[in-house]
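J.: Please see the structure below; I have some questions.
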Amino acid sequence: MSDSDVEQAPQSAGAAAATGPLADREWRLIREESRPGPLNMALDEVAAETAADGGPRTVRVYRWAPSCLSMGYTQDPETVDWEHCADAGVDVTRRQTGGGGIYHDHDGDVSYSITAPADELPGKLLDAYHLLCEPVLAAFRALGVDADYADEERPAIYHPACYLRALHPAHDVCADGGAGRKLSGNAQYRREASVIQHGSVTFESTPREHLAVFRDHGVAEEEFAERVGGIVDYADVSRGDAVAAFEDALAAWAGAEAGAWTDAELARAEEIADEKYRTDEWVRERPGSR
Numbered sequence: 001m002s003d004s005d006v007e008q009a010p011q012s013a014g015a016a017a018a019t020g021p022l023a024d025r026e027w028r029l030i031r032e033e034s035r036p037g038p039l040n041m042a043l044d045e046v047a048a049e050t051a052a053d054g055g056p057r058t059v060r061v062y063r064w065a066p067s068c069l070s071m072g073y074t075q076d077p078e079t080v081d082w083e084h085c086a087d088a089g090v091d092v093t094r095r096q097t098g099g100g101g102i103y104h105d106h107d108g109d110v111s112y113s114i115t116a117p118a119d120e121l122p123g124k125l126l127d128a129y130h131l132l133c134e135p136v137l138a139a140f141r142a143l144g145v146d147a148d149y150a151d152e153e154r155p156a157i158y159h160p161a162c163y164l165r166a167l168h169p170a171h172d173v174c175a176d177g178g179a180g181r182k183l184s185g186n187a188q189y190r191r192e193a194s195v196i197q198h199g200s201v202t203f204e205s206t207p208r209e210h211l212a213v214f215r216d217h218g219v220a221e222e223e224f225a226e227r228v229g230g231i232v233d234y235a236d237v238s239r240g241d242a243v244a245a246f247e248d249a250l251a252a253w254a255g256a257e258a259g260a261w262t263d264a265e266l267a268r269a270e271e272i273a274d275e276k277y278r279t280d281e282w283v284r285e286r287p288g289s290r
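Heads up, the sequence shown stops at 290 in the UniProt record's numbering, and the numbers go up one at a time, no gaps.
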């Protein structure tokens, strides 16, 4: 979520219910799949099209293969170390959502998205955001991680990186009841008649790899580690345990049944990825200069 989305601090999310108010609708759970970054972003759009056309709403957990830098919508491409990304085999794409870039490590990141018709969600951004964050916080609790919205504002360390931007109680999820390190970055956007919320959860922090995708960042690994934590820092669980907790929390909140993409949806996602998320025009040029 971008800094401009901040309006007010929420109430504590610690008491969020496991079942959400939309659980009486048709939802499907797409269990974790490993796909390239451009296709992961395209599938979020496909889920939005399906929901807008009267199909099921979607909750999904996904993995990035290979590891990927997802740039924020307005992020300056000059902040990316393109040579390093190419040498290290790191994909680069650009999200529809604002904020800074996020390095999604193949093993260290767990990502999710929730997609539903816009008219079924609160019209105010933060109200919808906090509603859709309920299963995210529930998953942390299930893992024994005391996570909540940041307890106070904290200054930015390095603006181009999402996890190093200023922390705000309205939208940043941190450990130690909100007083500790950042654990999750989440954002939301509307596409036609649907709302898409997606987020990155740090399972294991990788400061060196995360910082390396940014050019001239000037941030020490120790400084990154002081700001960003992972689930493994707070709970003795495997990555599989973490994935299962997020899948279960999303499914319980939505009342979702396990499902799958249709062949038509997968074909449509490839089409969107080719037209947008894999192109230099989308990835390497800032909006307004395209």
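Ideal Cβ positions, reconstructed from N, Cα and C, are used throughout, including at glycine.
In this text the structure is predicted, and so the values were computed from the model without any measurement.
Could you please give me the residues that DSSP links to M41 through a beta bridge?
T.: Residue numbering aside, residue 41 sits at position 41 when the sequence shown is read from its first letter. BP columns for M41 are empty, so no partner.
J.: Any C-beta of chain D sitting closer than 8 Å to the C-beta of L131?
T.: Protein chains in the displayed structure number just one, and chain D is not present.
J.: Reducing DSSP to helix, strand and coil, say where K276 ends up.
T.: Start at 1 with the first residue of the sequence shown, and residue 276 comes out as number 276. DSSP places K276 in helix when its eight states are reduced to three.
J.: Using 8 Å as the threshold, is the C-beta distance between T202 and D263 below it?
T.: Reading the sequence shown from its first residue, position 202 is the one you call residue 202. Reading the sequence shown from its first residue, position 263 is the one you call residue 263. No, the Cβ-Cβ distance between T202 and D263 is not below 8 Å.
J.: When the distance is taken between beta carbons, is R154 closer than 8 Å to A170?
T.: Your numbering for residue 170 matches position 170 in the sequence shown. Your numbering for residue 154 matches position 154 in the sequence shown. Against a cut-off of 8 Å, the Cβ pair of R154 and A170 comes out as no contact.
J.: In the DSSP output, what is W64 paired with across the bridge?
T.: Indexing the sequence shown from 1 puts residue 64 at position 64. Note: W64 sits in a beta bridge opposite R35.
J.: Q197 and S111 - do their beta-carbons sit closer together than 8 Å?
T.: Your numbering for residue 111 matches position 111 in the sequence shown. Your numbering for residue 197 matches position 197 in the sequence shown. Against a cut-off of 8 Å, the Cβ pair of Q197 and S111 comes out as no contact.
J.: Counting only runs that start and end within the region 194-263, where is the beta strand (DSSP E) found for 3 or more residues in a row?
T.: The region 194-263 contains these whole beta strand (DSSP E) runs: 194-202.
J.: Per DSSP, which one or two residues make a beta bridge with D109?
T.: Counting from 1 along the sequence shown, the entry for residue 109 is found at position 109. The partner list for D109 (beta bridge, DSSP) reads T202.
J.: Using C-beta distances below 7 Å, list every residue in its chain close to Y189, excluding the 5 sequence neighbours before and after it, in chain order.
T.: Start at 1 with the first residue of the sequence shown, and residue 189 comes out as number 189. Q96, T97, I196, listed in sequence order.
J.: Decide yes or no for the touch test of the region 202-222 against the region 138-152: beta carbon pairs closer than 8 Å, at least 3 of them.
T.: No: fewer than three Cβ pairs fall under 8 Å.
J.: Does the region 118-137 come close enough to the region 220-231 that 3 or more CB-CB pairs lie under 8 Å?
T.: Taking 8 Å as the limit for Cβ pairs, the verdict is that the region 118-137 does not touch the region 220-231.
J.: What residue does the beta strand (DSSP E) around D91 start on, and which one ends it?
T.: Sequence index remark: in the sequence shown, residue 91 carries index 91 (1-based). Start and end: 91-94.
J.: Any idea if S4 is buried or exposed, counting beta-carbon neighbours within 10 angstroms, 16 or more meaning buried?
T.: Translated into positions along the sequence shown, residue 4 becomes position 4. Note that S4 scores 34 on pLDDT, short of 50, meaning its location in the model is unreliable; the coordinates nonetheless yield the value given after this. With fewer than 16 Cβ atoms within 10 Å of its Cβ, S4 is classed as exposed.
J.: Just the Cα atoms here: how many angstroms apart are A23 and A116?
T.: Position 23 of the sequence shown, counted from the start, is the residue given in the question as residue 23. Position 116 of the sequence shown, counted from the start, is the residue given in the question as residue 116. For A23 and A116, the distance between alpha carbons rounds to 12 Å.
J.: Among residues of its own chain, excluding the 5 on either side of P77, which ones have a beta-carbon nearer than 8 Å to its beta-carbon?
T.: Along the sequence shown, one-based indexing puts residue 77 at 77. Around P77: M71, V283, R284, E285, R286.
J.: Only counting the same chain, and skipping five residues up and downstream in sequence, which positions put a Cβ closer than 6 Å to that of L132?
T.: Position 132 of the sequence shown, counted from the first residue, corresponds to residue 132. Correct list, in chain order: I114, Q197.
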